[in-house]
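All remarks here apply to the structure that follows.
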Amino acid sequence: MNLWRDIKGTLQPFWVTLGYLFKKPVTIQYPEEKRTPPPRYRARIVLTCNPDGSERCVACQLCSAACPVNCISMQAAEAADGRRYAAWFRINFSRCIFCGLCTEACPTMAIQTTPDYEICNRDVLKLVHEKEDLLIDGCGKDTEYNFYEHSGIGVVNERGGNEDEYGPVDPKSLLP
Amino acid sequence: MNDLLISLVLILVKLGLILGVVLTMAAYLVLAERKILGRMQLRYGPNRIGPGGMMQPLCDVIKLLTKEDFVPDRADKWIFLFAPGLTALAALLSFAVVPFSPPVTLFGREIPMVVCDLNIGLLYIFGLSSLAVYGVVLGGWASNSKYSLLGALRGLAQLVSYELALGLALVPVVMSAKSFSLNAIVMAQADWPNLLRHPLAFIIFMISITAESKRTPFDMPEAENEIVAGYHTEYSGMRFGLFFVGEYINLVVIGAMTTVFFLGGWHGPFLPPVVWFILKVLFVAFLFIWARGSMPRPRYDQLMHFGWKVLIPLALLNVVLSGAISLAVNS
Chain A
89 MNLWRDIKGT LQPFWVTLGY LFKKPVTIQY PEEKRTPPPR YRARIVLTCN PDGSERCVAC
149 QLCSAACPVN CISMQAAEAA DGRRYAAWFR INFSRCIFCG LCTEACPTMA IQTTPDYEIC
209 NRDVLKLVHE KEDLLIDGCG KDTEYNFYEH SGIGVVNERG GNEDEYGPVD PKSLLP
Chain B
71 MNDLLISLVL ILVKLGLILG VVLTMAAYLV LAERKILGRM QLRYGPNRIG PGGMMQPLCD
131 VIKLLTKEDF VPDRADKWIF LFAPGLTALA ALLSFAVVPF SPPVTLFGRE IPMVVCDLNI
191 GLLYIFGLSS LAVYGVVLGG WASNSKYSLL GALRGLAQLV SYELALGLAL VPVVMSAKSF
251 SLNAIVMAQA DWPNLLRHPL AFIIFMISIT AESKRTPFDM PEAENEIVAG YHTEYSGMRF
311 GLFFVGEYIN LVVIGAMTTV FFLGGWHGPF LPPVVWFILK VLFVAFLFIW ARGSMPRPRY
371 DQLMHFGWKV LIPLALLNVV LSGAISLAVN S
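Line by line, the protein sequences are chains A and B. Position in the first sequence (first residue = 1) + 88 = my numbering. Position in the second sequence (first residue = 1) + 70 = my numbering.
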């Protein structure tokens, strides 16, 4: 009978809400309690270094090109050994949307996101991070990877001089 | 002459006391409602200002007072400015006839613990609750906004249709007390609260008083997901605050009315009568907050249907039944 169903449907919610009244709230009281985000959380962006301590960034502009809000800018320069680096590197965090596309574009794993989400500031200019603010000592998520050990033709090592490479093929020896 | 002066001072003291207590209760009911609703939804509710959020009402008042008092273009200015006060005033005035304790003897003088023990107290409360509709209707009309007008129309229709059931639900109470005076009604419940004597009347009363006070689940006049905020859409600052505070004073008044009519007023063991009265009022207020956390809002036509086709016949039946039973018991 519908009447019985209606009465039950009217009284049951009261029982449910009373039950919830005595449960512990799920709220995290932010300034006092802080959530630990997962390691792959996309928050503050950093520039990481190689395991040997040299900078990973080769100023290829790929992150800057991938960035949908154009918040990354840099100036490329070349060291004496022919290795490229960023003369200056700037991320405007007031514009950044933390999409992580820059980290996907980066061929050298230099630019990475970290779980540090507390970067808000009252002064908007303090949100513009320069290279020295961005650069960290560690390797970030991949502690092994070193771009110039696998690629970077003839810049640091001779052509084919890397461990997992063989030398240039002599095209004449391949003739039938 | 001296006697008159003392009576006057006593009345003023009682008025001040009631005003202070009711306004404080209304302010803290807002906080209590927000906290209880929060806990029902697994949140904390306001807990930042003062210990446990206890200073929140004060901050709300400061916020409302410092906001702009805005009158919409082409609104009916004077009625617009006057309407919120009417709602709050009608709610406050209802408290004049509510007895909150048996008479106290002080310096050999018997002081009734009620501002004015009218012999038609019940009718007085009904009159004032009907008057409160004017605040809603005039506010909604004067705002010059379609949402306000819709809210006002809904409020009017709803209040008129539920007042009938409300009045009929109280007829058995009056029959068993043989008086319209609230004091006599409480006195008649010395051994049995009316809740046990007239359970059906209690249920009808609670449903129609919810509709009368425009609280969830019957908050159609201010249904925020259909008509923005209903009759107080255009109000800002302390004028909105008056509507808001009027609603919570109304909650206290409803708690007092339910206590007086059905829960036996100040009667209760062990504790002093005033404490019993306040505890019962708070309990009824909790019931209303609980209902707000539990119930969805019905459709408008369902509300009207329920009022006219279910509650009023049921209330009439209840009047006949209670009359017959009390006649059978007494003879």
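Each residue gets a CB set at the ideal place from its N, CA and C atoms; glycine is no exception.
Interface annotation, L109 of chain A: in contact with chain B, CB-CB separation under 8 Å. Counting C-beta atoms within 10 angstroms of its own C-beta, Y254 of chain A has fewer than 16 neighbours from the protein chains shown and is therefore classed as exposed. Burial of Y318 of chain B is indicated by the presence of at least 16 other C-beta atoms within 10 angstroms of its C-beta.
Chain A has no Cβ within less than 8 Å of the Cβ of Y232 of chain B. Leaving aside the five residues that flank P173 of chain B on each side, the residues in its chain whose CB is nearer than 7 Å to its CB run, in chain order, E180, I181, P182 and M183. Just so you know, the alpha carbons of R171 of chain A and P256 of chain A end up roughly 21 Å apart. A distance below 6 Å between beta-carbons, with the five flanking residues on each side excluded, links N180 of chain A to the following residues of its chain, in chain order: C159 and V216. Here A174 of chain A carries a strand assignment [DSSP, helix/strand/coil]. Taking a Cβ-Cβ cut-off of 7 Å, the neighbours of G363 of chain B in chain A comprise T105, given in sequence order. The distance from the Cβ of P116 of chain B to that of K105 of chain B is about 7 Å, consistent with a contact at the 8 Å cut-off. Within chain A, the residues whose beta carbon sits less than 7 Å from that of M110 of chain B are T105, Y108 and L109, listed in sequence order.
Not one beta carbon of chain B lies nearer than 8 Å to the beta carbon of V216 of chain A.
Taking D140 of chain A as the centre and dropping the five residues before and after it, the same chain places the C-beta of N234 closer than 8 Å to its C-beta, in chain order.
DSSP places C155 of chain A outside both helix and strand once states are collapsed to three, so it counts as coil.
Comparing alpha carbon positions, the residue from A:G248, A:C187, A:D258 and A:T124 closest to P156 of chain A is A:C187. Around the beta-carbon of H337 of chain B, 16 or more other beta-carbon atoms lie within 10 Å, marking it buried. At a Cβ-Cβ threshold of 8 Å, R362 of chain B and T286 of chain B count as neighbours. With a threshold of 8 Å between beta carbons, R104 of chain B makes no contact with chain A. Contiguous alpha helix (DSSP H) elements confined to the segment 286-353 of chain B occur at 294-297 and 307-331, taking only those with 4 or more residues.
Assignment of H217 of chain A by DSSP, reduced to helix, strand and coil, places it in the strand class.
Judged by beta-carbon spacing, L74 of chain B lies beyond the 8 Å limit of L156 of chain B, meaning their Cβ atoms are not closer than that value. The Cβ of Y114 of chain B sits closer than 8 Å to at least one Cβ of chain A. Interface flag for W360 of chain B against chain A is set, since a Cβ pair is found closer than 8 Å. Under the Cβ criterion (8 Å, minimum of three pairs), the segment 215-231 of chain B counts as touching the segment 296-311 of chain B. Note that the C-beta distance between V256 of chain B and F165 of chain B is not below 8 Å.
Excluding the 5 residues flanking it on each side, A175 of chain A has same chain C-beta neighbours closer than 6 Å at Q163 and A165, in chain order. With respect to the 8 Å criterion, F275 of chain B and F332 of chain B are classified as neighbours on the basis of their beta carbons.
Within the segment 204-255 of chain B, no run of beta strand (DSSP E) at least 3 residues long lies entirely inside it.
Put simply, the segment 306-322 of chain B does not touch the segment 255-272 of chain B. Fewer than three CB pairs are less than 8 Å apart.
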